[in-house]
Every structure is written in structure tokens, then in C-alpha cells.
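Only one structure is covered here, and it is reproduced in the block below.
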Amino acid sequence: MPFLHAVPIAARGFFESGALNYLIEGGFFMWPILALFILAIAVIIERYRSLKLLETDASALREEVVALLSEDRIEESLELCDAARGPVPAILSNGLRKYLVLRRLNYDPAQLEQQVIKSMENCGVHIVAALEKHLPILATIASVAPMLGFLGTVQGMIVAFGDIEANIGQQNIVVAAAAGIRVALLTTAFGLIVGIPAYMAFNYFTGIINEFVLQVETSAAELIEVVTLRMTLNQGEQ
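Below, the structure is given as C-alpha cells:
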């Protein structure tokens with residue numbers, strides 16, 4: 000496989016680039032930051048693949064469902080939602096199935112509306128919880144990685160002042176402090192390099208989920224409005 004042939008080249012490039020030297024020179028705190036970096040990449044890839052499900056055209060589906068419900072074609076609208084892919088169709092399907100059952104039981108329109116809303120809200124809560132899975136890990140990495148970097152900075156400055164004190168009068172103060180300051184700068188930079196993308200990814204995924212919640216609320220409101228109107232018309236015809 001081409002990928003396997005590329006691995007030694009990539010590894011050699013990593014060592015020749017000096018990246019490994021930076022990790023070693025940066026001291027102890029570079030390694031937990033590196034572990035957080037790897038974990039952040041894994042979470043970002045996993046969440047991106049999962050949230051791709053939200054790219055279905057919920058507005059088009061919602062319009063079709065509303066059109067079918069306005070004609071009292073409940074079973075067809077339910078089949079349409081079941082055939083569609085994504086969380087929004089699943090929530091609409093849950094509400095329609097509840098409506099169909101309660102309608103056959105001759106529930107009062109007010110009670111039916113409350114039960115359908117409750118059913119869709121419960122379904123939505125579970126789906127949102129699944130969509131938010133692992134996002135707290137990203138939020139934690141976004142906070143902890145820079146803090147570890149700053150902690151490495153403190154350690155580097157302690158080393159730098161220790162070197163100054165140990166070599167005072169023997170060599171240039173700047174030379175004596177250079178190693179410790181270098182460690183301080185490396186850990187701070189690496190912590191920010193890991194923390195900033197994690198924070199941006201967390202906000203990006205949160206925005207997608209918030210948009211999804213808005214779609215669910217809009218879909219639920221339209222569904223309830225059409226269902227209630229349909230039941231009122233049916234009662235009037237009777």
C-alpha cells in the first residue's frame with residue numbers, strides 16, 4: 000500500500016524537522032500537551048463524522064410532511080419520515096407515531112397536543128445528548144492545554160532564575176537564563192497551538208447542534224399547528 004511506504008518517510012521527516020527535539024527540550028509538560036493534542040484530533044474527527052448526519056435537508060422534508068398532514072395523510076407522512084435519514088426525521092417520526100396512536104384512541108385535541116409535544120421533546124433530548132457526546136472533552140482540552148503550557152512556563156522561569164543565581168558573576172546573565180526561557184516559550188506556544196484549535200472546534204460543533212435544535216423546534220411547532228388544525232376540522236365535519 001502507498002500509505003505504508005509513506006510512513007517511514009513521514010517519520011523521518013518528523014525527526015529531521017526538529018519537532019521531536021522541541022518536545023524533548025520543552026520538558027515534562029510537553030508530553031501531556033502532546034497527549035491532549037492527539038486526543039483532540041481523535042474527538043474532532045469522530046464528532047465531524049457523526050454530525051455529518053445533520054446535513055440532511057430538514058426544511059424540504061418538513062414542507063412535505065406539513066403538506067401531507069394538511070391533507071390528512073398521516074401514514075404517508077410517517078413513512079416519509081421513516082425513510083429519511085437524520086435526527087430531524089427521527090424526531091418528526093416519533094411525534095407522528097404518537098399522534099397516530101392517540102388519534103385512534105380518540106384523545107382530546109388539547110391532550111393530544113401536549114402528549115405529542117412531550118414525546119418529541121423527550122426524543123430530542125436523547126438525540127441532542129448523543130450529538131454532544133465527547134464535546135466536554137474538547138472544552139476541557141481547550142482550557143487545560145494552555146494551562147499546562149503556562150505551567151511549563153513557570154517551570155522554565157524557575158529554571159532560568161536558578162541558572163542565573165548559580166552562575167552569577169561567572170557568565171552573561173542572558174546566556175545563563177536562555178535555556179530556561181526557551182523551555183518557557185516552547186511549552187506556552189505548544190499549549191496554545193493545541194488549545195486554540197480545540198476551542199474553535201468546540202464552538203463549531205456547538206453551533207451546528209444549536210442550529211439543529213432550532214430546526215427541531217421549528218419542525219415541532221409546524222407539526223403541532225397542522226395536527227391541531229386537522230383535528231379541529233375533523234371534529235367540525237363530524
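Heads up: the sequence shown is residues 0 to 237, going by numbering that gives the first Met the number 0. All residues carry an ideal CB built from backbone N, CA and C; glycine is no exception.
Counting only the Cα atoms, G26 lies some 15 Å from M146. G206 is positioned such that its CB atom lies no closer than 8 Å to that of A183. G94 places its beta carbon less than 8 Å from that of M119. Between V193 and I140 the beta-carbon gap is near 7 Å, inside 8 Å, which marks them as a contact. In this structure, the alpha-carbon of V215 lies about 6 Å from that of V87. Here E45 is near H133, since their CB atoms are less than 8 Å apart. With fewer than 16 other CB atoms across the displayed protein chains lying within 10 angstroms of its CB, V153 is exposed. The beta carbons of L33 and L50 sit about 26 Å from each other, so the pair does not count as a contact at 8 Å. Cα atoms of Y98 and V127: separation of roughly 22 Å, rounded to the nearest angstrom.
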